[in-house]
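Below: the structure, in structure tokens.
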Amino acid sequence: MKVLVLGGGSDIAAATVATLQRRQPVTAIAAARDTDVAINGLSMAAPGAELIGRRWDALDINHHDSFINDVFDRHGAIDLVLCAVGRLGHHAGMAMTPADVDSMVRANFSGPAAALSSVGRRMAKQRRGSIVVLSSIAGARARKSNYVYGSAKAGLDSFAQGLGDALVGHGVEVIVVRPGFVRSKMTTGLDPAPFSRSPGEVASAVVESLGGGSRIVWVPGHLGPMMSVLQLAPRSVWRRVAGDR
Ligand SMILES: NC(=O)c1ccc[n+]([C@@H]2O[C@H](COP(=O)([O-])OP(=O)(O)OC[C@H]3O[C@@H](n4cnc5c(N)ncnc54)[C@H](OP(=O)(O)O)[C@@H]3O)[C@@H](O)[C@H]2O)c1
């Protein structure tokens, strides 16, 4: 199975490649800012997988189309594209400069979205494949502690759902995965939120979802019904629930 990971150093991506590799031989192309770090993480998580590093920065939006075309031209048909790029950052909210906000939005939304539109075109051409986009519970309703990240994830989530609809009839599925708190590099130093999960648990949900058609997958599953109620709660109630008072 051939997998392209956008954000190749991600802990959730490493766990996903490991879960896949336990089922069948995997070739993983890790698109990452630091390919050595990405390949090192993947090789420890998924021994035996064939690993290829490609330098890629989500912020270089003008290069995404040529990058994605080159990956598909060079490596042939890709079975799964996993979009695992993301930056929670040290959220300073109103103290962030316009440049900080722009960089967060490009890393979490416009960068991955630009790359995924090229991916969608190439997958439609090969008439098969799965695209998994790691969204977040943070995109379901913004909160004081991470509204720049959350609003960018909301944009990416919406983009991915639309891309999935656009690819109906082309043999390509788009699965939007919305984890809650995951104990990965991204959340190092933070107190785990309720219902926190490991990268391996998210990976299992990703792998189980493959082949079932375009849809939204919450991890853990009960966060879906829980958030559909909380999205309707008055803002003052939501602030208390989210701990933002
Ligand atoms: N951890 C959570 O609680 C959680 C919850 C919900 C959703 N998610 C989402 O799940 C995905 C994977 O996260 P994770 O938990 O596995 O965290 P992670 O290990 O920190 O992975 C995120 C990856 O994104 C890469 N990245 C950041 N900015 C980039 C850029 N400009 N260009 C290229 N790569 C860039 C990072 O690479 P560098 O090493 O170069 O920075 C890192 O490898 C992310 O989309 C995240 O938003 C995570």
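Each residue of the sequence shown is one higher than the one before, counting from 153 in our numbering. For every residue, glycine included, the Cβ atom is placed at its ideal position computed from N, Cα and C.
First through last residue of the alpha helix (DSSP H) which encompasses residue i
i, result
"V391", "This sequence places Arg at residue 391; Val is not what is there. Element bounds for R391: R387 to V393."
"V369", "Element bounds for V369: not the alpha helix (DSSP H) but the beta strand (DSSP E), R367 to V371."
"V381", "L375 to L382"
"L172", "D163 to R175"
Any non-hydrogen atom of ligand 1 closer than 7 Å to residue i Cβ
i, result
"D231", "no"
"K277", "no"
"V237", "yes"
"S270", "no"
"G159", "yes"
"F261", "no"
"R185", "yes"
"S162", "yes"
"D319", "Residue identity check: residue 319 is Leu in the sequence provided, not Asp. It does not: the Cβ of L319 is nowhere closer than 7 Å to a heavy atom of ligand 1."
Classification of residue i by the beta-carbon crowding that lies within 10 angstroms, buried from 16 upward
i, result
"S361", "buried"
"P177", "exposed"
"M256", "buried"
"E325", "buried"
"Q383", "exposed"
"A267", "buried"
"M275", "buried"
"T171", "buried"
"R349", "buried"
Beta-bridge partners of residue i, as assigned by DSSP
i, result
"A183", "L158 and R206"
"I220", "For I220, which the question treats as bridged, DSSP gives no partner whatsoever."
"E325", "S282"
Inter-residue CB distance, residue i and residue j (contact presumed, cutoff 8 Å)
i, j, result
"G263", "L211", "6 Å"
"A432", "I164", "Any question about residue 432 goes unanswered here, given that the chain covers just 153 to 397."
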